[in-house]
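First up is the structure itself, then whatever we jot down about it.
Number of protein chains: 2
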Amino acid sequence: MDAVIISVGMELVTGLTVDTNAAWLSSELAAVGVQAQRHVTIGDHGSALAEEVRRAAAENSWIVVTGGLGPTTDDISRQAVAEALGVELRVDPDALRQIRLFFETHGYRWSESNARQAAVPEGADLIPNKWGTAPGIHARIGQSEVFCLPGVPREMKAMFQAAVLPQIAPSQVGPVLMCRSLRCFGAGESTIGEQIADLMKPGGEVVVGTTAQEGMISIRLVARARTPALACGLLDARSAVIKDRLGGLVFGEEDVSLEAVVGRLLLGRASTVTTAESCTGGLLAKRLTDVPGSSGYFQRGFVTYANEAKVGVLGVEAQIIQDHGAVSAEAAAAMASGARRSAGAGYALSATGVAGPGGGSESKPVGLVYIALASSDGCEARDCRFGQHLPRAEIRDRACSVALDMLRRKLLEV
Amino acid sequence: MDAVIISVGMELVTGLTVDTNAAWLSSELAAVGVQAQRHVTIGDHGSALAEEVRRAAAENSWIVVTGGLGPTTDDISRQAVAEALGVELRVDPDALRQIRLFFETHGYRWSESNARQAAVPEGADLIPNKWGTAPGIHARIGQSEVFCLPGVPREMKAMFQAAVLPQIAPSQVGPVLMCRSLRCFGAGESTIGEQIADLMKPGGEVVVGTTAQEGMISIRLVARARTPALACGLLDARSAVIKDRLGGLVFGEEDVSLEAVVGRLLLGRASTVTTAESCTGGLLAKRLTDVPGSSGYFQRGFVTYANEAKVGVLGVEAQIIQDHGAVSAEAAAAMASGARRSAGAGYALSATGVAGPGGGSESKPVGLVYIALASSDGCEARDCRFGQHLPRAEIRDRACSVALDMLRRKLLEV
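Protein sequence lines, in the order shown, are assigned to chains A and B.
Just add 1397 to the spot in the first sequence (first one is 1) and you have this note's numbering.
Just add 1397 to the spot in the second sequence (first one is 1) and you have this note's numbering.
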């Protein structure tokens, strides 16, 4: 049986909020061999939700609905599922007790509107929620089963793993579907696509595709086989061929980040890194410390946004900034060397550039960033031109990715 | 006419990538009075896309399709739209010239697979793409119109604004739909919902709803009226009532961030801020410098992850860390005071805590973060307990939000 994922919320369909639940649910379902055929997002309209539930039920699907279980009057999922089932809502005394208990144990203030969350369609089961106030709903409709979960990602995920997945996983009898993705950095999508074009032809046992996002290219592999072991074997074989062709461009698998790869390499070499940031303004240190355990190789970092800070904090010679400007290979190199010296670290990464949208000139346009890496071998600097059309956030993020990739390649010597 | 937004991509429906295009398109459409009824996400299956296009066309909609126009063989949108229209694909010589020109002017390497992007269904128009390689497609199907755009957000957005919106906006003759959102920080969703419960009743001229995300509560208002001026007037009046009731909880409108609000306040007072970060590891500086022009009030920041860095860089007395631990109100206060002194800034924010997932103890559990604000009035510190169930990224992000909100309230004296 395939799955249909329905996200409910005016904030989603009007675009105020980006839905991340559907993607997460798809990954979880794929891991147990259930393929999401469709994500649908609708507003807080009970009749639209009832229609989508009926359409998915006619396709004999697992149906996962998120959102619309909150305490306010715009939360319509309970009523809509009752409508799709053709039954009435009743207040469940167990649910009411659970919700009151949650409020008491967390010291939250009880308000009568929270009682609304204890209503359940006749004949449906409750899905307990230990992580928030709204219990979920589980009902059977024809050959299909529908699970309603809260929209808050943290609660939804915990409830899905605790109560929904154990019901879906054992009933899968069809072929197993397994996904893998290889993460690449350092070349464009069509360049990479061309090197593996023969593997991307449709119809094989493993479907291979590429996606570009913020300078990273993901190569996704989807294998179908009779057993998990067979599917895994297909993915292993195909991954090995791709990695062999692309060499140092592939930095990891699944959702591993460049910073996590760099962290593992530093730990393995018992070395440390520090940061000296101008245009990236702390993002490089933030990305390094996104990784749990990063205190093992990152002890301090410097955000030197102003020129006086580069001189005062990092010991960059004022003459260098005067001669070459703060946005220059010379300044980047002096920042990295100064930070490495000051922090007593094995490696130092620096970034200085024009992140925009203002501040660009003809010789130093928006998107120009100098990145340097200092190590015991000395200091190497490079310039990146990210294109003036890119937004500030993307220029900053790509500059950090280039810096992290420089360190990765240095550590791997590729 | 309403709209249906269809996102195409195996990476989306399998959950490898979160779709942000549909939300952005909905906001843009709402601004010209077109309401998105539904977002649908499907994989790289031509027949599924053709079916969704036909279903939306039967509802007389504007149909916007993103994705599936890339250079690789898994890109199926051109073929599927041709199927929905019942016509064949042809290679458009103009499109081929445009794509080749784009490659030449950007110095990209041409590969024959890129020629695939010049195919167009018979009778359909090309939508030029000056920002990337894949041109879009515009076709009429019954009373509906379908626009196919690339999936890369930057290209999609530029093309939508340049070529799609000008075709949709003038043909809207129905009532105008306008949205606004008020951003709140410092109380839970049900507390806020209760204070405005009477305004959230359905059926009024302005629909009011609430959403919680990462500790922020958004109150969204959707008004329908005959003219933009009338809709804007309704939103102004309703916003004023809500702001009056919620007071200092509301920090801004639309997608304004706490850091942007803090930045404007600092600029207005010609003051500056610095940062001393332990568990947030650069994220606070990153968020402050996310704002263009932040060099006007942020000159330097310190990431002092290790205890020696707190002592060496910020001048925190080693005795304080020995007596109270690095995760303590005393350490947070000493970090903020030290950073303010060292940077010569008007204000300093610090954060020290246990971001997890490891490193927690009974007395200092995961989620405990001390945040301090130093100013000419002295130093105030507070403890936050974000809950051990929250992921590392969310604990770090919320700690930064609390710090920024402390500074906002200090600057506003609320």
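Here a beta-carbon is modelled for each residue, glycine too, at the ideal position from N, C-alpha and C.
Source: prediction; values computed, not measured.
{"Query": "Below 6 Å CB to CB, which residues in the same chain sit around A:G1743 once its five sequence neighbours on both sides are set aside?", "Result": "S1668, T1669"}
{"Query": "Taking the beta carbon of A:Q1716 as the centre, do at least 16 other beta carbons fall within 10 Å, making it buried, or is it exposed?", "Result": "exposed"}
{"Query": "Measuring alpha carbon to alpha carbon, tell me which residue in A:R1642, A:D1641, A:R1621 is nearest A:L1632.", "Result": "A:R1621"}
{"Query": "So which of A:Q1514, A:V1478, A:I1639 has the shortest CA-CA distance to A:P1490?", "Result": "A:Q1514"}
{"Query": "Can at least three beta-carbon pairs, one atom from the region 1610 to 1630 of chain A and one from the region 1540 to 1559 of chain A, be found at a separation below 8 Å?", "Result": "no"}
{"Query": "Verify the CB distance criterion: does B:R1617 have a CB-CB separation below 8 Å to chain A?", "Result": "yes"}
{"Query": "Between which two residues does the beta strand (DSSP E) containing A:R1487 stretch?", "Result": "1486 to 1488"}
{"Query": "At what residues does the alpha helix (DSSP H) containing B:P1563 begin and finish?", "Result": "1562 to 1565"}
{"Query": "Run through chain A and tell me which residues come within less than 7 Å of B:M1697, C-beta to C-beta.", "Result": "The question names Met, but residue 1697 of chain B is Arg in the sequence shown. Residues of chain A passing the Cβ test: V1700, T1701, Y1702, A1703, A1706, V1710."}
{"Query": "For A:Y1505, which of B:P1550, B:V1604, B:G1585, B:L1596 has the nearest alpha-carbon?", "Result": "B:G1585"}
{"Query": "What does A:Y1744 pair with, by DSSP beta-bridge criteria?", "Result": "A:V1670"}
{"Query": "For a quick check, are the C-beta atoms of A:V1799 and A:C1776 less than 8 Å apart?", "Result": "no"}
{"Query": "Any idea which residues DSSP pairs A:C1781 with across the strands?", "Result": "A:V1766"}
{"Query": "For a quick check, are the C-beta atoms of A:V1462 and A:S1474 less than 8 Å apart?", "Result": "yes"}
{"Query": "If you check the beta carbons only, do A:R1697 and B:V1763 fall under 8 Å apart?", "Result": "no"}
{"Query": "Output the boundary residues of the alpha helix (DSSP H) element that contains A:P1754.", "Result": "No alpha helix (DSSP H) holds A:P1754; DSSP gives it neither H nor E."}
{"Query": "Quick one: Cα of A:T1530 to Cα of B:D1802, how far?", "Result": "26 Å"}
{"Query": "Give me, in chain order, the residues of the same chain whose beta-carbon lies closer than 6 Å to that of A:V1603; leave out the 5 immediate sequence neighbours on both sides.", "Result": "L1618, A1620, L1631, R1635"}
{"Query": "Using a C-beta to C-beta distance shorter than 9 Å, which residues of chain B count as neighbours of A:I1439?", "Result": "Q1434, R1435, H1436"}
{"Query": "Please report the distance separating the alpha-carbon of B:E1727 from that of B:S1747.", "Result": "11 Å"}
{"Query": "Just tell me which of B:H1442, B:T1414, B:L1413, B:G1464 has its CA closest to the CA of B:I1402.", "Result": "B:G1464"}
{"Query": "Can a CB atom of chain A be found closer than 8 Å to the CB of B:Y1505?", "Result": "yes"}
{"Query": "Can you name the residues of chain A whose CB is closer than 7 Å to the CB of B:S1578?", "Result": "L1413"}
{"Query": "Using DSSP with H/G/I as helix, E/B as strand and the rest coil, what is B:Q1592?", "Result": "helix"}
{"Query": "List, in order along the chain, the chain B residues whose C-beta lies closer than 9 Å to that of A:N1511?", "Result": "S1587"}
{"Query": "Across which residues does DSSP place B:L1523 in a beta bridge pair?", "Result": "B:I1534"}
{"Query": "At what residues does the alpha helix (DSSP H) containing B:H1721 begin and finish?", "Result": "1715 to 1721"}
{"Query": "Taking 8 Å as the CB-CB cut-off, is A:D1802 touching chain B?", "Result": "no"}
{"Query": "A:R1551 CB to nearest chain B CB: under 8 Å?", "Result": "yes"}
{"Query": "Taking only beta-carbon positions, decide if A:M1407 is within less than 8 Å of chain B.", "Result": "yes"}
{"Query": "In the structure shown, what three-state DSSP assignment does B:I1473 receive?", "Result": "coil"}
{"Query": "Can you confirm whether A:S1423, when its beta carbon is compared against all beta carbons of chain B, has any partner nearer than 8 Å?", "Result": "yes"}
{"Query": "Give me the chain B residues within the contact set of A:A1729, using Cβ-Cβ distance strictly less than 7 Å, ordered along the chain.", "Result": "Per Cβ cutoff of 7 Å: no residues; A:A1729 is ~17 Å from chain B at best."}
{"Query": "Looking at the structure shown, is B:M1613 part of a helix, part of a strand, or coil, going by DSSP?", "Result": "strand"}
{"Query": "Using the C-alpha atoms, what's the distance from A:G1784 back to A:L1664?", "Result": "35 Å"}
{"Query": "Using a threshold of 8 Å, state whether the C-beta atoms of A:T1469 and B:G1590 are closer than that.", "Result": "yes"}
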